[in-house]
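Heads up: the sequence shown begins at 112 in our numbering, then just goes up one per residue.
Below is one structure, written out as structure tokens; comments come after it.
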Amino acid sequence: SLLDIDHGTFPYVTSSNSSGCGIQAGSGVPSRVIDRMIGVVKSYTTRVGGGPCPTELHCETGDHIRTEGNEFGTVTGRPRRCGWFDAVATSYGARVSGVDCIAVMLLDVLSKLDELKICEAYEIDGERTTDLPSQIQDLERAKPVYRTVPGWKKDITGVRRMEDFPKEARQYIDTVSELVERPVEFVSIGPDRDQTVIL
112 SLLDIDHGTF PYVTSSNSSG CGIQAGSGVP SRVIDRMIGV VKSYTTRVGG GPCPTELHCE
172 TGDHIRTEGN EFGTVTGRPR RCGWFDAVAT SYGARVSGVD CIAVMLLDVL SKLDELKICE
232 AYEIDGERTT DLPSQIQDLE RAKPVYRTVP GWKKDITGVR RMEDFPKEAR QYIDTVSELV
292 ERPVEFVSIG PDRDQTVIL
């Protein structure tokens, strides 16, 4: 949603409607036949090209996420900017797109980290907010306020039921759901079709 021409972080946007609002225009499917919107998000944040990315990691952890998630441009091979999950930006995208639930992809990428951080708010000029700023200049000054949760050092790529995830992974999923204010109904733990767990 942040790349959406109308609702994104202008001028760092695409030339189209990439939020849920673009489904009707892009597909020709009338809005009256859409009864459910599923927001698809990564378990961490990525950004391609310029523009603010408050949770971007310029450290070994960012490199680790980039490598484990294969976060390189498909055409250029250029490394994508990676950071912790940004619940402020994701919550905004969920509201703009009218999302009913979310699917968290690539949860397995986080499996080797001791602890994980989730951005639950921004601090801008000493003021704390959970709303995405409407002005790009404000977003460029935003500092992430993190909630830290324990990591899990277990291979989760074979998990097929929610109850079989490590408790730390379940806590991460629950925290994302709480902060985005949408239920997490799907979790991906690998590239294969059977590695998407329906919760």
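Where a beta carbon is used, it is the ideal one built from N, C-alpha and C, also for glycine.
All of these numbers come straight from a predicted model, not from anything done at the bench.
CB-CB length for residue i against residue j, believed under 8 angstroms
{"i": "Gly173", "j": "Gly194", "result": "7 angstroms"}
{"i": "Val295", "j": "Leu310", "result": "6 angstroms"}
{"i": "Glu167", "j": "Arg191", "result": "No, Glu167 and Arg191 are not in contact; Cβ-Cβ is about 10 angstroms, not under 8 angstroms."}
{"i": "Gly133", "j": "Ser127", "result": "6 angstroms"}
{"i": "Lys228", "j": "Thr259", "result": "5 angstroms"}
{"i": "Ser112", "j": "Ser208", "result": "6 angstroms"}
{"i": "Arg293", "j": "Ala205", "result": "5 angstroms"}
Exposure label - residue i; buried when at least 16 CB within 10 Å
{"i": "Val144", "result": "exposed"}
{"i": "Thr187", "result": "exposed"}
{"i": "Pro255", "result": "buried"}
{"i": "Cys164", "result": "buried"}
{"i": "Asn181", "result": "exposed"}
{"i": "Cys170", "result": "exposed"}
{"i": "Asp236", "result": "exposed"}
{"i": "Phe276", "result": "buried"}
{"i": "Asp197", "result": "buried"}
{"i": "Val140", "result": "exposed"}
{"i": "Glu226", "result": "exposed"}
{"i": "Arg147", "result": "exposed"}
{"i": "Asp219", "result": "buried"}
{"i": "Ala375", "result": "As shown, the chain starts at 112 and ends at 310. That puts residue 375 outside it, with no answer to give."}
{"i": "Ser130", "result": "buried"}
{"i": "Ala136", "result": "exposed"}
{"i": "Thr156", "result": "buried"}
{"i": "Ser142", "result": "exposed"}
{"i": "Arg177", "result": "buried"}
Sheet register partners of residue i (DSSP bridge)
{"i": "Thr156", "result": "Gly194"}
{"i": "Ser138", "result": "Paired residue(s): none; Ser138 is not in a bridge."}
{"i": "Glu167", "result": "Gly194"}
{"i": "Val144", "result": "Answer is none; Val144 lacks a bridge partner."}
{"i": "Phe297", "result": "Ala214 and Ile309"}
{"i": "Val151", "result": "Ala214"}
{"i": "Phe183", "result": "Pro190"}
Residue i beta carbon near the ligand MN (any heavy atom closer than 7 angstroms)
{"i": "Ala200", "result": "The ligand MN is absent from the structure shown, which contains no ligands of any kind."}
Proximity test, Cβ basis, 8 angstroms: residue i and chain D
{"i": "Leu218", "result": "Here there is only one protein chain, and chain D is not present."}
request  = Could you say if the region 282-292 and the region 205-216 meet the contact criterion of at least three C-beta pairs nearer than 8 angstroms?
outcome  = yes
message = Under 8 angstroms: do the region 145-154 and the region 198-214 share three or more Cβ pairs, one atom per stretch?
response = yes
key: Any 3 or more C-beta pairs closer than 8 angstroms across the region 118-129 and the region 246-265   = yes
inquiry  = Extract the residue ranges of the alpha helix (DSSP H) inside the region 201-289, only unbroken runs of 4 or more that lie entirely within it.
reply    = 247-251
key: Segment contact, 8 angstroms Cβ cut-off, at least three pairs: the region 231-246 with the region 261-268   = no
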